[in-house]
Structures are given as structure tokens and as C-alpha cells.
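Numbering-wise (our numbering), the sequence shown opens with residue 4 and increments by one. For glycine and all other residues, C-beta sits at the position ideal for the given N, C-alpha and C. Bear in mind that the values here come from a model prediction, so they are computed numbers and not experimental data. What follows is a single structure, written as C-alpha cells, with notes after it.
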Amino acid sequence: MKKLINNIYLLELPQFNYPFCNCLWIEDEINCLMDSSPIDEELARLNGKKLDLIVNSHGHIDHNRSNYLFPEAKVLLHESNFPLVESREGYLKAFGFDRLLDESWQNYYLDAPGYQPRPADGTLEDGQIISLGSTVFQVLHLPGHIYGHCGFFFPDDGLVFTADIDLNLFGPWYGNMTSDVDDFINSIERLIQMDPAILVTGHGQKVYTSGIKPRLAAYRDTMYSREEEIIKLLHRGKRTVSEIGAEKPIYRRFLEPDRIFYLYECVMDWKHLQRLERLGRVSCHNGKYHLNEGIRPSNLNLG
Numbered sequence: 004m005k006k007l008i009n010n011i012y013l014l015e016l017p018q019f020n021y022p023f024c025n026c027l028w029i030e031d032e033i034n035c036l037m038d039s040s041p042i043d044e045e046l047a048r049l050n051g052k053k054l055d056l057i058v059n060s061h062g063h064i065d066h067n068r069s070n071y072l073f074p075e076a077k078v079l080l081h082e083s084n085f086p087l088v089e090s091r092e093g094y095l096k097a098f099g100f101d102r103l104l105d106e107s108w109q110n111y112y113l114d115a116p117g118y119q120p121r122p123a124d125g126t127l128e129d130g131q132i133i134s135l136g137s138t139v140f141q142v143l144h145l146p147g148h149i150y151g152h153c154g155f156f157f158p159d160d161g162l163v164f165t166a167d168i169d170l171n172l173f174g175p176w177y178g179n180m181t182s183d184v185d186d187f188i189n190s191i192e193r194l195i196q197m198d199p200a201i202l203v204t205g206h207g208q209k210v211y212t213s214g215i216k217p218r219l220a221a222y223r224d225t226m227y228s229r230e231e232e233i234i235k236l237l238h239r240g241k242r243t244v245s246e247i248g249a250e251k252p253i254y255r256r257f258l259e260p261d262r263i264f265y266l267y268e269c270v271m272d273w274k275h276l277q278r279l280e281r282l283g284r285v286s287c288h289n290g291k292y293h294l295n296e297g298i299r300p301s302n303l304n305l306g
């Protein structure tokens, strides 16, 4: 546990390690844990401390894995993510895995990271102000990664916790049914306009105190680069989501289990195709995508 500023502490994840994340611990009149998936060593540092409130950035297990360990704490989460923490079925449905995976793979996907349902006790909304005593923070609805994804802004310190807007070199992840590329772009633009003094992410480098705006812009631009690759594949004659996914324009290579990462790839490619349809660059007929007349990889302006 590392002190960041005043009574805000970072429970650190040394490197990416699913299903864990960086979390914030705030000691005040109301003790608060911001996301609840620290590694065991960091979680043990809370032994003997009273935990009153858990605020979850969203419903993915690598951000709320330990909620069930604190039955006396009040848990707040954006209402759209309630189904993910209420049941195995709700969690699978968010990924489309209720239809895309058979039962054995569904059980693996939930059991391997230790999924435990723990319904939320209340909701988070954009602009909501939460006072812990001397510490006050504001809820920022930052959709894209998943609808309902939230960040948390501490105005007195200029600190923002951005959870899975994590600035890693891979770029944004948007492989859920309610993920949206335009939402993600708009959420990043919102953070750029805020110009925070300190940015803390759920994964990766963890704490940024300089160069925040250009890092956010570069992270955003990864999505435009991916879109260009998808348009090149369409220009080469790839027509379906599965054909495009097999070319790995986003992941480049799949981690294990490759079946899961192939599905992530396909959903993310599909999200780009949806955006390209909205922009009038692409049309879809009977599940096959085509570039509209005049659209070529050389004459694009996707930003």
C-alpha cells in the first residue's frame, strides 16, 4: 500500500495479472475501497480496518472480485452493471458468452477467476458527489469499455481514477455487448478536457503525473489505427466478422485460451464495423460487410 496524497492510498498491482487491478483505499470518517480486486498481499493490508463503502468502476470481476468478502460494506455500482454482479447468467450475457460458449467453457470462464455473485446495494450516476468526511469525490460516467464504466474524480487533489481507461500499450478494450467505440472516444476526450493533475489507472503504469493529455490522445488514436486495419481487410475481400477476427487486426496474436481471445477479437471488430456503418463508410447485407462507394484505405478520416 502506497500513499498517494492526503488520505488516499494505492493498493498496487505490480504488473498485469488477471483477475486483479490497482485499487484505491481512502481512510476517512467513512472508509472506502475503490474497486476491490487487489492482489492477496495488498488485500491483507486491510485486515483489522473497518470497510464501510466499496465503489466499483464497473461489473468486471477484475474490479470487484473481493466484494463478497465484505458483507457489511455498502457496494455502489452503475445500475446498468447490476446484472453482472448478481448472477453467473448475467455476467456471461454481458460478454455474449451465454450464446457464444458451451456450458463447459462458460463454467471455466467464471470459475477460473473465482466469480462470486454479490449484488450491489446502490447505484452510481454521472455527477454524483460522494463525501467520506474530509474527502469528497465525484462520479464520472465514462462508458465505452462497457456501458456503466465509471471513473472517480477528487477535485481537491486534481486526481482522477480511470479504472479501465488504463493507457496501456495494447490500447482500449471494448469486447462486451454494451461496449461502444464512440463512447470510448468521447470518454477519453472528456478526460483530456478535464486535464487532471494526477491520473491513476486500474492496470499498467498505475500513476501518471505528467504528459497525461498526450498519453490519453495516443491511447484514443489506437482505436483509429485499428479501424484502418479493418478497412484494409474489407478492401482485401474479408466480409464477415469471423473472417476479419481470424486476421487479428486488434490482438495481433491471441493469448491462451485462444478461444476466448478470438471471441474478444470478433466482438471488438464488430464494434468497429458498427461505428463504420454509422459513419457511412460500410454497409452490411446478410452478415457480410462491404466498403461503400468511394471508400478506400487511402482516403479515410476516421477521427
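CB contact flag (residue i, residue j, <9 Å)
i, j, result
"I57", "T138", "no"
"I33", "D160", "no"
"P122", "P22", "no"
"R68", "Q119", "yes"
"W28", "L16", "no"
"R242", "H275", "no"
"P158", "I234", "no"
"I168", "G147", "yes"
"N110", "G151", "no"
"I253", "D224", "no"
"V270", "F98", "yes"
"D1", "K77", "A query on residue 1 cannot be resolved here, the shown segment of the chain reaching from 4 to 306 and no further."
"Y94", "L87", "yes"
"S60", "A166", "yes"
"V210", "L202", "yes"
"M226", "I188", "yes"
"L162", "R193", "no"
"L170", "T126", "no"
"E231", "K251", "no"
"M197", "F156", "yes"
"L236", "V285", "no"
"I149", "S107", "no"
"C26", "H81", "no"
"C24", "D65", "yes"
"K52", "E75", "no"
For residue i: DSSP bridge partner residues
i, result
"M37", "L27 and V58"
"Q141", "I132 and F156"
"K216", "K216 is not bridged to any residue."
"S182", "Its beta-bridge partners do not exist; DSSP assigns none."
"V78", "I57"
"K5", "L13"
"V163", "F156 and L202"
Exposure of residue i, with buried meaning 16 or more beta-carbon neighbours within 10 Å
i, result
"D38", "buried"
"T212", "exposed"
"H63", "buried"
"R255", "exposed"
"D261", "exposed"
"L72", "exposed"
"D105", "exposed"
"H288", "exposed"
Below-9 Å beta-carbon distance, residue i vs any chain B residue
i, result
"L162", "Going by chain labels, chain B is absent from the structure shown, which holds only one protein chain."
Reduced DSSP category for residue i - H, G, I as helix; E, B as strand; rest coil
i, result
"Y211", "strand"
"F155", "strand"
"Q196", "helix"
"T225", "helix"
"H238", "helix"
"G125", "strand"
"L170", "coil"
"I201", "strand"
"L113", "helix"
"K291", "strand"
"S286", "strand"
"Y267", "helix"
"F98", "helix"
"K274", "helix"
"E259", "coil"
"G297", "coil"
"P86", "helix"
"D105", "coil"
"S69", "coil"
"E32", "coil"
Close-in-space but distant-in-sequence residues of the same chain around residue i (CB under 7 Å, 5 per side omitted)
i, result
"S90", "P120"
Residues of its chain near residue i, where Cβ-Cβ distance is below 8 Å and the 5 sequence neighbours each way are ignored
i, result
"F257", "K251, F264, Y265 and E268"
"D55", "I33, N34, C35, A76 and K77"
Beta-carbon proximity list for residue i, same chain, < 6 Å, skipping 5 on both sides
i, result
"Q141", "I132 and F156"
"G174", "T225"
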